[in-house]
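**Student:**
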Amino acid sequence: MGFFSDAGALLVYLVFSSLLLILLLRLTLPLTRARFRNPICQFVYKVTNPVVGPLAQIIPPRRQFSFATLVLLALVALVELCLLMVLRGLPPDPSTVALGTAGGLLYFALGIAFWSIVLRAIMSFLSPDYANPAVEVIYSLTDPLLQPFSKLPPRSAPFDLSPLYAGVVIRLCMLAVFHLFGPIGTVFLPL
2 MGFFSDAGAL LVYLVFSSLL LILLLRLTLP LTRARFRNPI CQFVYKVTNP
52 VVGPLAQIIP PRRQFSFATL VLLALVALVE LCLLMVLRGL PPDPSTVALG
102 TAGGLLYFAL GIAFWSIVLR AIMSFLSPDY ANPAVEVIYS LTDPLLQPFS
152 KLPPRSAPFD LSPLYAGVVI RLCMLAVFHL FGPIGTVFLP L
């Protein structure tokens, strides 16, 4: 690949990763019961409401789960994958695009979960201010992921090893997704 196709792929990654992150937050924040008055939650809702709102009229949410946001996530990932395949000179055939979209979304979500846990572990050593909106969002996103691992031994007082356990499991899942989707894996997001 030449410079321009690499530069184009980088720009596509940056733009679409930002879109996917905001939409993934829109999908997961209500599920984790993050405080709606949090400024980060307000930003996510304000940015996504013009698109998710009308789509939610057609595809209504079920309890706390927004199917409209999930459809929008899939569409954004599909467009990203098609653009990346064109930039790399690969023909975007429908089965490859469908599998790549599903695998890419799963891989992206697992990557965000992993890095959120790493960020939380680092913040725990720095004694964060829990009134900080970013800290509140990170903790609300990672609490459901870490809770199953908090009961595992060793339960030593100064250290909580649940981020380590959760991180290993998530990385193994990412590896499985990467190998499951084979050659499409070269187009996945680099997390």
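In this note's numbering, the protein residues as written are 2 to 192. Built from N, CA and C at the ideal position, the CB exists for glycine as well. Treat the numbers as computed from the prediction; the structure is a model and nothing was measured.
Can you tell me the Cα-Cα spacing of Pro149 and Ala167, whole angstroms?
**Tutor:** For the purposes of this step, residue 149 is taken as the residue at position 148 of the sequence shown. For the purposes of this step, residue 167 is taken as the residue at position 166 of the sequence shown. Near 9 Å, if we compare the C-alpha coordinates of Ala167 and Pro149.
**Student:** I need the DSSP call for Arg172, collapsed to helix, strand or coil.
**Tutor:** On the sequence shown, position 171 is the one that residue 172 refers to. Reduced to three states, the DSSP call for Arg172 is helix.
**Student:** Using only CA atoms, which one of Ser125, Arg89, Arg63 lies nearest to Pro159?
**Tutor:** The residue labelled residue 159 in the question sits at position 158 within the sequence shown. The candidate whose alpha carbon is nearest that of Pro159 is Ser125.
**Student:** How long is the line joining the alpha carbons of Asp7 and Val77, rounded to whole angstroms?
**Tutor:** Taking the first residue of the sequence shown as 1, we reach residue 7 at position 6. Taking the first residue of the sequence shown as 1, we reach residue 77 at position 76. The alpha-carbon atoms of Asp7 and Val77 are separated by roughly 20 Å.
**Student:** Relative to the ligand PLP, is the shortest distance from any of its heavy atoms to the C-beta of Leu120 smaller than 8 Å?
**Tutor:** Ligands displayed in this structure: none; no statement on the ligand PLP is therefore possible.
**Student:** What residue does the alpha helix (DSSP H) around Thr70 start on, and which one ends it?
**Tutor:** Position 69 of the sequence shown, counted from the first residue, corresponds to residue 70. 68 to 88 is the extent of the alpha helix (DSSP H) around Thr70.
**Student:** Could you tell me whether the stretch 12 to 20 touches the stretch 100 to 107, where touching means 3 or more Cβ pairs closer than 8 Å?
**Tutor:** No, the stretch 12 to 20 is not in contact with the stretch 100 to 107.
**Student:** Leaving out the 5 sequence neighbours to the left and right, which residues in its chain are closer than 8 Å to Val80 when beta-carbon positions are compared?
**Tutor:** Position 79 of the sequence shown holds residue 80. Only Phe17 meet the Cβ criterion.
**Student:** Taking the straight line between their C-alpha atoms, what separation do you get for Asp144 and Ser67?
**Tutor:** Position 143 of the sequence shown holds residue 144. Position 66 of the sequence shown holds residue 67. Taking the straight line from one Cα to the other gives about 20 Å.
**Student:** Less than 8 Å between C-beta atoms, sequence neighbours within five positions excluded: which residues of the same chain meet that for Leu120?
**Tutor:** By one-based count along the sequence shown, residue 120 stands at place 119. Hits under 8 Å: Ile139.
**Student:** Between the stretch 105 to 115 and the stretch 40 to 53, do three or more beta carbon pairs fall short of 8 Å?
**Tutor:** Contact fails: fewer than three Cβ-Cβ distances are below 8 Å.
**Student:** According to DSSP, is Arg121 part of a helix, a strand, or is it coil?
**Tutor:** In the sequence shown, residue 121 corresponds to position 120, counting from 1. DSSP places Arg121 in helix when its eight states are reduced to three.
**Student:** Within the same chain, show all residues whose beta-carbon is closer than 7 Å to that of Thr29, passing over the 5 residues directly before and after it, in chain order.
**Tutor:** The residue given as residue 29 occupies position 28 in the sequence shown. Excluding residues within five positions, the ones whose Cβ falls inside 7 Å are Leu142.
**Student:** Since Cys83 contacts Pro92 with CB under 8 Å, what's their CB separation in whole angstroms?
**Tutor:** The count along the sequence shown starts at 1 and reaches residue 83 at position 82. The count along the sequence shown starts at 1 and reaches residue 92 at position 91. Not really, about 11 Å apart at Cβ, beyond 8 Å.
**Student:** For Phe179 and Thr97, I'd like the C-alpha separation in whole angstroms.
**Tutor:** Here residue 179 is taken as the residue at index 178 of the sequence shown, counted from 1. Here residue 97 is taken as the residue at index 96 of the sequence shown, counted from 1. Between Phe179 and Thr97, the C-alpha separation is close to 14 Å.
**Student:** Pull the bridge partners of Arg63 from the DSSP assignment, please.
**Tutor:** As a position in the sequence shown, residue 63 is number 62, starting the count at 1. For Arg63, which the question treats as bridged, DSSP gives the partners Phe66.
**Student:** Suppose you measure from the CA of Asp161 to the CA of Arg64; what does that come to, to the nearest Å?
**Tutor:** Position 160 of the sequence shown holds residue 161. Position 63 of the sequence shown holds residue 64. The alpha-carbon atoms of Asp161 and Arg64 are separated by roughly 33 Å.
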